[in-house]
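Below you'll find the structure, written out as structure tokens, and then a few comments.
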Amino acid sequence: MKTSIVIPNWNGKELLEKNLPAMMAVNPDETIIVDNASVDGSIEFLEEKYPEIILIKNSVNLGFALGCNQGVKKAKNELVVLLNNDVVPENDAISNAVGLFKDHKLFAVSFHEPQWSWARIFWKNGYIEHEPGIGKSKTHISAWASGGSGIFRKLIWEELGGFDDLYAPFYWEDIDLSYRSWKRGYKVLWEPKAIVHHKHEGTIGKHFSKDYVSYISERNRLFFIWKNVSDTLLFSDHKKQLLFKLLTKPGYWKPFLSALKKLPVILKKRQEEKQNIRITDNEIFEQF
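Laid out in structure tokens, this is it:
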């Protein structure tokens, strides 16, 4: 099965100079870079050194989610590899994962970053929690496929509507997408032989403070719960724990109020997701 690689970029010329040769060496049928209004010479570098790459040049920064969606829409192949510009795949990373897609219910495969494992998701004290799973030797189900190092089936991606830009500027969009695929009866795997090296030199750490990243992550976790968790008892538990947090942690009001502003949009999306449920929240958690 042929693959298209999609790489989002924002002022990442130095990373592209270092990492793009290895990305190109995995020899996909097509490489697409979505540039979000870079001003560091990224576009000039790509046009000069890699004219064979399909380059989408945005005049404004559309953010990670919409940039990835653009690239996937442009891709001509059935499978799309999403790579951050600070990720370096080993030569056989893609080939070791592609064969798994013989299963037509498989939506995505997450690559193996050696410091991590498959993703476990669970419910605790009214909130979604996640952590690396135990065991790194065998192919395993995963709660999600990483949006920066994973392979996705384009047909199902389009059915799901791709990454939700509700989560802009970053975080939880790949968890949301994969979770919605689970609830529709698809599956996500993690493949230990599909090895990539994530250098964590990317955009977020360079351009955003730790406090801002923490705030966005917690706000987006609320987005995820309000949009996707449909089990009555679980959602009731969430509301109780949310009230407790607001009463005992004054700093929690900031992500809460920010999330609350989007409630009309979230409720509309929640209703849409409810109409497509094939597997319940508890049935997903039980698998992990």
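full-length UniProt numbering applies: residue 1 is where the sequence shown begins, and numbers increase by one. Where a beta carbon is used, it is the ideal one built from N, C-alpha and C, also for glycine.
I need the straight-line Cα distance from A145 to Y186, nearest angstrom please. 13 Å
Residue environment, P28, which counts as buried when at least 16 other CB atoms sit within 10 Å: buried
Could you tell me how far apart the beta carbons of A65 and E159 are, in whole angstroms, since I believe they sit closer than 8 Å? Their Cβ separation, rounded to whole angstroms, is 17 Å, which puts A65 and E159 out of contact at 8 Å.
Suppose you measure from the CA of W10 to the CA of E283; what does that come to, to the nearest Å? 39 Å
Please name the residue, chosen from I195, K193, Y171 and I156, that lies closest to W182 on a Cα-to-Cα basis. Comparing Cα positions, the closest option is I156.
Which residue or residues does DSSP assign as beta-bridge partners of L79? T3 and R153
How many whole angstroms separate the CB atoms of N77 and E30, which I take to be in contact at a CB cut-off of 8 Å? Under the criterion of beta carbons closer than 8 Å, N77 and E30 qualify as touching, at roughly 6 Å.
Exposure of K269, with buried meaning 16 or more beta-carbon neighbours within 10 Å: buried
Out of S178, G12, I53 and A37, which one is the CA nearest neighbour of M24? I53
Mind the definition here: the region 77-91 touches the region 135-143 only if three or more C-beta pairs lie below 8 Å; say whether that holds. no
Taking 7 Å as the CB-CB limit, is E286 close to chain C? Among the chains of the structure shown, chain C does not appear; only one protein chain is present.
Looking at K193: is its Cβ nearer than 7 Å to the Cβ of N96? yes
Roughly how many angstroms lie between the CA atoms of S217 and L246, to the nearest whole one? 17 Å
Is any non-hydrogen atom of the ligand GDP found closer than 6 Å to the C-beta of L263, if you look at the structure I gave you? What this structure holds is no ligand at all, so the ligand GDP is not there to describe.
Can you give me the C-alpha to C-alpha distance between K227 and G150, rounded to a whole angstrom? So the two alpha carbons sit approximately 24 Å from each other.
Only counting the same chain, and skipping five residues up and downstream in sequence, which positions put a Cβ closer than 6 Å to that of R184? N276 and R278
Could you name the residues of the same chain whose beta carbon sits closer than 7 Å to that of F122, not counting the 5 residues immediately before and after it, in chain order? Result list for F122: E129, F285 and F288, in chain order.
Terminal residues of the beta strand (DSSP E) in which W123 lies: A119 to K124
Return the CA-CA distance between V196 and K124, expressed in angstroms with no decimal places. 31 Å
Taking only the alpha-carbon atoms, compute the straight-line gap between V39 and T3 and give it to the nearest angstrom. 29 Å
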